[in-house]
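My numbering puts the sequence shown at residues 13 to 177.
To keep things clear, I will list the structure first and then write my remarks on it.
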Amino acid sequence: MKRTSPIAQQLRPALERSQAPSATRIAAFHATQRQQILPPLPQKIEGTLNDPARVPDPSPSHGSYHWSFERAISAGLIPLTIAPFAAGSLNPVTDSILCALLVIHSHIVFEACVIDYFPAKRIPAVRKAANWALRIGTVTLGFALYSFETNDVGITEAVSQLWHA
13 MKRTSPIAQQ LRPALERSQA PSATRIAAFH ATQRQQILPP LPQKIEGTLN DPARVPDPSP
73 SHGSYHWSFE RAISAGLIPL TIAPFAAGSL NPVTDSILCA LLVIHSHIVF EACVIDYFPA
133 KRIPAVRKAA NWALRIGTVT LGFALYSFET NDVGITEAVS QLWHA
């Protein structure tokens, strides 16, 4: 039978008490185990360590023109969403322009999400599938809004009815 000293008997419970709350405090913030769904790929160096990074070729259609087009559509949506309700008129042309800009704007925004979250170098098949799903969704949205505009009350009248309901 192993005998311990009286000092060790007094210190052991105090030591156990001091460690237990910290483990409880840490465990309170961890509900699940950490999992890396897509672990980072190994770094690849193209060329040597002293070579500069490759700068992509300048293309105005993918640079400044693209950015200006996106901003013009976003800025154009602001008065188009306010005008029908402020003026009190329901014009089918304004409604159609609003629907078209909504479709284009949503496509551009979701395309940016696909580009950001599905890198082509890492998961090319998922990126391709996401792009095709986006295209199908955009065409479906365009057709649904066209059908809603021609066969029903239109988007501004629907929002107006929902607002006053």
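No residue lacks a Cβ here, since even glycine has one placed at the ideal position from N, Cα and C.
- Annotation for residue 107: the continuous alpha helix (DSSP H) segment containing it runs 104–129.
- For residue 62, there is no enclosing alpha helix (DSSP H), as DSSP marks it with neither H nor E.
- For the pair of segments examined, the region 71–91 was found to touch the region 108–128: the number of CB pairs separated by less than 8 Å reaches three.
- Nearest C-alpha to residue 78 among 128, 167, 135 and 124: 124.
- Nearest C-alpha to residue 156 among 114, 74 and 63: 114.
- Taken through DSSP and simplified to helix, strand or coil, residue 140 comes out as helix.
- Around the beta carbon of residue 110, 16 or more other beta carbons sit within 10 angstroms, so the residue counts as buried.
- Its chain contains 115 as the residues whose beta carbon lies nearer than 6 Å to that of residue 153, once the 5 sequence neighbours on both sides are disregarded; these appear in chain order.
- A buried status is given to residue 168, since no fewer than 16 other beta-carbon atoms sit within 10 Å of its beta-carbon.
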